[in-house]
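Using the working numbering, read the sequence shown as starting at 492 and increasing by one per residue.
Note that the Cβ used here is the ideal one computed from N, Cα and C, for glycine as well.
First up is the structure itself, then whatever we jot down about it.
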Amino acid sequence: MDDSYVNDSKIKFYSIDGKLIDDFRLEKKPLDDQKEIKTSKEFNSALKAVTQKDINVLKNKLIDTVKDIKKNLAMNNTFISDDINDDIENIDKTITDVEALISDLIIKKSSIKIGIFSSNKKEKKAKIRGLEASINYLSKAQNDIIFLKNEYNKLIDRSNSISGLQTDEKDNKEEFKEDPLERTINFYMNKN
492 MDDSYVNDSK IKFYSIDGKL IDDFRLEKKP LDDQKEIKTS KEFNSALKAV TQKDINVLKN
552 KLIDTVKDIK KNLAMNNTFI SDDINDDIEN IDKTITDVEA LISDLIIKKS SIKIGIFSSN
612 KKEKKAKIRG LEASINYLSK AQNDIIFLKN EYNKLIDRSN SISGLQTDEK DNKEEFKEDP
672 LERTINFYMN KN
């Protein structure tokens, strides 16, 4: 690669046929932080709808994760007496429930002792293997739930920031029709 190209302040653009297109410079315009961001009401409502869809997807993922936890524990012959919370709004409780469940399973596993003269060694070893598999699965599921929590918090923050944006009171819809982001959101929202 030519060093003069790297140090050149111009950005080089090429057309489809490979010819160089000149005189494109990167203009650095500072952002005005004092200026308020204004959007159209339709854009805000479309963005809120998209955000709510994402929240619903996370809600369903959490419900499915809790169902998978119960199914996996049952397959490993580990049955729980308490129910795991699957409400996305109380996801911290879900994480706490899974932590408590992992702790209980570790205690149960450590309470099984196999000695030289122990009876039912095969059953005890099978029980330990089942508990270990359950503990490993719960640890992975807990990481997934923590990831869901982080995504949920981002979406809630985004939803709250949308509510705080001021809307442009102009009724001139032609000005907003040219906004490609709004057109994209409206396209996907109207697709349903």
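For residue i, which residues of its own chain have a beta-carbon under 7 Å away from its beta-carbon, when the five flanking residues on both sides are left out?
i      : result
Tyr628 : Asn563
Leu721 : Residue 721 lies beyond the range of the chain shown here (492 to 683); nothing can be said about it.
Lys552 : Leu639
Asp619 : Just to set this straight, residue 619 is Ile in the shown sequence, not Asp. These residues qualify, in order along the chain: Lys600 and Ile603.
Residue i to residue j, Cα distance in whole Å?
i      : j      : result
Glu580 : Ser602 : 36 Å
Lys604 : Lys615 : 8 Å
Asn568 : Leu592 : 14 Å
Lys561 : Ala617 : 19 Å
Lys544 : Ser625 : 32 Å
Asp578 : Glu623 : 27 Å
Asn644 : Asn547 : 13 Å
Glu536 : Asp559 : Here residue 536 turns out to be Ser, not Glu, going by the sequence shown. So the alpha carbons of these two residues sit roughly 34 Å apart.
Lys613 : Ile607 : 13 Å
Ala565 : Lys600 : 16 Å
Ile597 : Asn641 : 27 Å
Pro671 : Lys584 : 40 Å
Asn611 : Asp573 : 28 Å
Suppose the cutoff is 6 Å on Cβ atoms and the five residues either side in sequence are ignored; what does the same chain contact list for residue i look like?
i      : result
Asp588 : Ile575 and Asn576
Phe638 : none
Among the options, whose alpha-carbon lies nearest the alpha-carbon of residue i?
i      : options                           : result
Asp635 : Ile554, Lys532, Asp648 and Gln543 : Ile554
Asp595 : Tyr679, Lys544, Ser630 and Leu549 : Ser630
Ile586 : Lys600, Gly621 and Val557         : Val557
Ile582 : Asn535, Lys550 and Pro671         : Lys550
Ala632 : Ile619, Ile571, Glu590 and Phe534 : Glu590
Phe570 : Leu672, Lys584, Phe534 and Gly621 : Gly621
Tell me which residues share the same chain as residue i and place their Cβ nearer than 8 Å to its Cβ, disregarding the 5 neighbours each side in the sequence.
i      : result
Thr542 : Leu646, Arg649, Ser650 and Ile653
Leu609 : The question names Leu, but residue 609 in the sequence shown is Ser. Excluding residues within five positions, the ones whose Cβ falls inside 8 Å are Lys615.
Complete alpha helix (DSSP H) runs within the region 552 to 637 (minimum length 4 residues, chain order): 582 to 602
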